[in-house]
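First residue of the sequence shown: 666, per our numbering; consecutive thereafter. Backbone N, C-alpha and C define an ideal beta-carbon position, used for all residues, glycine too.
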Amino acid sequence: MELLEKYLDDPNRDQIIAREMGWTQLLDGRDWTQEVDALLEEEEEEKPPPPDSFEDHSLYRAAFALTVWIDHMFDQDATLQNEPSAVKLATHAALASAKLAAALSGEDVDEIGMTIAYLKRALKAITLSMDAAAALLREKRIAAPQHAVLLQRLFQVRDGIITLIGEYRCEWRRRFGSEGFRG
């Protein structure tokens, strides 16, 4: 690093550094560019494909399927579209799906804190959807079997969010210790 800093602006920088480091093979005047480029291309080919997008994550798929199921429920009973509890259910289920997308699409793995924040927001939205589902049953706007299926889907998403929050919190503690963590 010292040599690089010392000869940074020198037009013969590479040759000087090679001589100082004892890299005689670089001093023989041979053009290594093609060989280096070929090695770099091989490394690029060997790289695994980029991580799957958030759309491929099973939790996001479950949350998205939940919103589709709720939309289908609205299609079967158009009066639900004007029912405040049903609107709350649909809105917060969609919001949870969006927050999950934000949490799972983070390109920067160093932003664990932000990912946890998005997951907490998704958890809150799913919890509000669960409250709305209970209200719909109480108001007799949906039947008990329909409510059971809805709850199963809501709990599936909720449990997945809780599991992910736990995983990210463990990673946070591993990286930063428990001092930087406020639950």
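Proximity of residue i and residue j at Cβ, strictly below 8 Å
i    : j    : result
L819 : M795 : yes
L724 : L765 : yes
I830 : K789 : no
A755 : F739 : yes
I777 : I826 : no
F806 : L769 : Inspection of the sequence shows that residue 806 is occupied by Arg rather than by Phe. Result no, Cβ atoms of R806 and L769 do not sit closer than 8 Å.
L731 : A763 : no
K753 : L802 : no
S750 : A787 : no
The alpha helix (DSSP H) enclosing residue i, as first and last residue numbers
i    : result
S794 : I777 to R803
L829 : A809 to F841
D679 : R678 to M686
L769 : P749 to L769
CB contact check: residue i to chain B, cutoff 8 Å
i    : result
E667 : The question asks about chain B, but that chain is absent: this structure has only one protein chain.
Residue i (DSSP reduced to helix, strand or coil)
i    : result
S718 : coil
D736 : helix
R726 : helix
contact_flag[the segment 832 to 843, the segment 804 to 812] where n(CB pairs < 8 Å) is 3 or more: no
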